[in-house]
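So the structure is just underneath, and the comments pick up after that.
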Amino acid sequence: MVLLVVLAWAVVTIGCWIGYQLTQQNGRILLHLESLQHQLTNLRLRSAQPTPALACYPDTYQANRHTI
611 MVLLVVLAWA
621 VVTIGCWIGY
631 QLTQQNGRIL
641 LHLESLQHQL
651 TNLRLRSAQP
661 TPALACYPDT
671 YQANRHTI
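Counting from 611, one number per residue, gives the positions in the sequence shown under my numbering.
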């Protein structure tokens, strides 16, 4: 009888330990995912803004062509 109680508590303890490990791993994955989403948002915002080098030329700019 005592052996069954000890075995039951061992199963409960191992189950709790596995649950704790899975919770920790899930937390790390969620933190990493949030970090990636933040970086992606920053990249999208940066790419949406025109670059100063391209913004200085008007749309009607045409280069002068010279023939030799």
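Ideal Cβ positions, reconstructed from N, Cα and C, are used throughout, including at glycine.
Straight-line gap, residue i to residue j (C-alpha atoms, nearest Å)
| i | j | result |
| --- | --- | --- |
| Val616 | Ile624 | 12 angstroms |
| Gln635 | Trp627 | 12 angstroms |
| Leu621 | Leu613 | Note on residue identity: the sequence assigns Val, not Leu, to residue 621. If you take the alpha carbons of Val621 and Leu613, they lie about 12 angstroms apart. |
| Arg638 | Arg656 | 27 angstroms |
Terminal residues of the alpha helix (DSSP H) in which residue i lies
| i | result |
| --- | --- |
| Thr633 | 612-658 |
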